[in-house]
Amino acid sequence: MTQAKAYSVDNPTAPFKPTSIPRRTPTDRDVQIEILFCGICHSDLHTARDEWHDVMPTVYPCVPGHEIVGRVTAVGKGVKSFKVGDTVGVGCLVDSDHTCPNCMANLEQCCPNMVLTYNSPDAHGAAPVTYGGYSESIVVDERFVLSIPENLDLAATAPLLCAGITTYSPLKRGDVGPGKKVGIVGLGGLGHMGVKIAKAMGAHVVVFTTSPSKKEDALRLGADEVVLSKNPDEMNAHAGTFNYILDCVSADHDINAYLNLLMHDGELTLVGAPEKPLQISAFALLFGRKKLSGSLIGGIAETQEMLDFCGEHNITADVEVIPIQKLNEAYGRLAKSDVKYRFSIDMASLKSG
Numbered sequence: 101m102t103q104a105k106a107y108s109v110d111n112p113t114a115p116f117k118p119t120s121i122p123r124r125t126p127t128d129r130d131v132q133i134e135i136l137f138c139g140i141c142h143s144d145l146h147t148a149r150d151e152w153h154d155v156m157p158t159v160y161p162c163v164p165g166h167e168i169v170g171r172v173t174a175v176g177k178g179v180k181s182f183k184v185g186d187t188v189g190v191g192c193l194v195d196s197d198h199t200c201p202n203c204m205a206n207l208e209q210c211c212p213n214m215v216l217t218y219n220s221p222d223a224h225g226a227a228p229v230t231y232g233g234y235s236e237s238i239v240v241d242e243r244f245v246l247s248i249p250e251n252l253d254l255a256a257t258a259p260l261l262c263a264g265i266t267t268y269s270p271l272k273r274g275d276v277g278p279g280k281k282v283g284i285v286g287l288g289g290l291g292h293m294g295v296k297i298a299k300a301m302g303a304h305v306v307v308f309t310t311s312p313s314k315k316e317d318a319l320r321l322g323a324d325e326v327v328l329s330k331n332p333d334e335m336n337a338h339a340g341t342f343n344y345i346l347d348c349v350s351a352d353h354d355i356n357a358y359l360n361l362l363m364h365d366g367e368l369t370l371v372g373a374p375e376k377p378l379q380i381s382a383f384a385l386l387f388g389r390k391k392l393s394g395s396l397i398g399g400i401a402e403t404q405e406m407l408d409f410c411g412e413h414n415i416t417a418d419v420e421v422i423p424i425q426k427l428n429e430a431y432g433r434l435a436k437s438d439v440k441y442r443f444s445i446d447m448a449s450l451k452s453g
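Numbered by the working numbering, the letters in the sequence shown go through residues 101 to 453 in order.
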């Protein structure tokens, strides 16, 4: 076991501070990774502040971070897919039971015994819970390590490990492609990736936003149209015309207004996680045989597929790169949605204290 520099938080209201955390000695099938960049996901904020206590209570001290890009520094003798020097990624999962029907179907994210990259019981006993990517290194089972396309900027690639797969997976299952009209609700960390990926899939992409100031940016990101969702006339003009809508909003909002935009057999998928339950009209679903679904990241094979797709289409996140010493400032800004569109921590800054 070794000690690694990291940043942790000790309670829901405490600031992040420098610390040192244990990392296990690599087993025969483990990959040891020097972390180069780590994205900041809104889930990190929710977990650090224990805002999901009723579903996933936070164990402190907490070291978040599940959008990890790094370089392999050591491999176990049984590792076959990676070697020292490879550029790799780690997303939201670091283990599962490998035996359940979901794992056998490459749906590790649905495994009842999945191990999250942080704030999950640590089966290896190195710590009470797993610690994430706000750290100089991590040790991960080879089966949960991903290859990063060589042509992608690493700082901007880190958010693909969560925001990328979170939007790619439902868009793919929704059969998004040429001839399909697709709506993206919300233009934030998830929404901006949804726009880029849906456009690369060949769809006609419409962004829904409450902010007129985001119209220009939505078009820059690849949207074909932008609708101000507070404008009833603009919303009504699209009634019954969408094949698929991806809802990326984590705040309370009127989901029925978007269900009404679907054509018959259309589908709306939630990837945002509002704190309060949404009010859903049965009639908004019944008329038109519309479907309402949810989606949580993706399995490891699908995450690699997403990375390869992004490499082929040169897709990365729009990021603001920060040193880790500005982590508390970044969290304050993230809470106010003051970032376009993802923070990416340059972990080399951890070496300076």
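Backbone N, C-alpha and C fix where the C-beta goes; we use that ideal spot for every residue, glycine too.
Which of helix, strand or coil DSSP assigns to residue 389
Residue mapping note: residue 389 aligns to position 289 of the sequence shown, counting from 1. Residue state, collapsed to three classes: coil.
Is DSSP giving residue 273 helix, strand or coil here?
For the purposes of this step, residue 273 is taken as the residue at position 173 of the sequence shown. Correct three-state label for residue 273: helix.
Of the residues 141, 184, 447, 392, which one's Cα is nearest the Cα of residue 440?
Taking the first residue of the sequence shown as 1, we reach residue 440 at position 340. Measuring from the Cα of residue 440, the nearest candidate turns out to be 141.
Indicate whether residue 227 and residue 139 have their beta-carbon atoms separated by less than 8 Å.
Residue numbering aside, residue 227 sits at position 127 when the sequence shown is read from its first letter. Residue numbering aside, residue 139 sits at position 39 when the sequence shown is read from its first letter. In this structure, residue 139 does not lie closer than 8 Å to residue 227 by Cβ.
Can you tell me whether DSSP reads residue 426 as helix, strand or coil?
Taking the sequence shown and counting its residues from 1, one reaches residue 426 at position 326. Of the three classes helix, strand and coil, the one that applies to residue 426 here is helix, per DSSP.
Residue 357, DSSP secondary structure in three states
In the sequence shown, residue 357 corresponds to position 257, counting from 1. Residue 357: helix per DSSP, three-state reduction.
Classification of residue 191 by the beta-carbon crowding that lies within 10 angstroms, buried from 16 upward:
The sequence position of residue 191 within the sequence shown is 91, counting from 1. Buried, since its Cβ has 16 or more Cβ neighbours within 10 Å.
Using 8 Å as the cut-off, can you tell me whether the region 277-287 makes contact with the region 238-253, which would need three or more C-beta pairs spanning the two stretches below that distance?
Cβ pair count under 8 Å is below three, so no.
Whole-angstrom distance between residue 103 and residue 136, CA atom to CA atom
If you number the sequence shown from 1, residue 136 lands on position 36. If you number the sequence shown from 1, residue 103 lands on position 3. When rounded, the distance between both Cα atoms is 17 Å.
Rounded distance between the beta-carbons of residue 166 and residue 217, thought under 8 Å:
Within the sequence shown, numbered from 1, the residue matching residue 217 stands at position 117. Within the sequence shown, numbered from 1, the residue matching residue 166 stands at position 66. Taking C-beta atoms under 8 Å as the contact rule, residue 217 and residue 166 qualify, at a distance of about 4 Å.
Take residue 261 and list the residues in its own chain whose beta-carbon comes closer than 6 Å to its own, dropping the five residues that flank it on each side.
For the purposes of this step, residue 261 is taken as the residue at position 161 of the sequence shown. So the list reads 167, 189, 191, once near-sequence residues are dropped.
Euclidean distance between Cα positions of residue 438 and residue 128:
Residue numbering aside, residue 438 sits at position 338 when the sequence shown is read from its first letter. Residue numbering aside, residue 128 sits at position 28 when the sequence shown is read from its first letter. Distance between the alpha carbons of residue 438 and residue 128: 43 Å.
Which class does residue 168 belong to by DSSP, given the choice of helix, strand or coil?
As a working note, residue 168 is residue 68 in the sequence shown. Correct three-state label for residue 168: strand.
On a Cα-Cα basis, can you pick out the residue from 425, 380, 294 that is closest to residue 391?
Stepping through the sequence shown from its first residue, residue 391 is reached at position 291. Considering only alpha carbons, the answer is 380.
So what's residue 104 in DSSP terms, helix, strand or just coil?
Within the sequence shown, residue 104 is the residue found at index 4, counting from 1. Three-state result, residue 104: strand.
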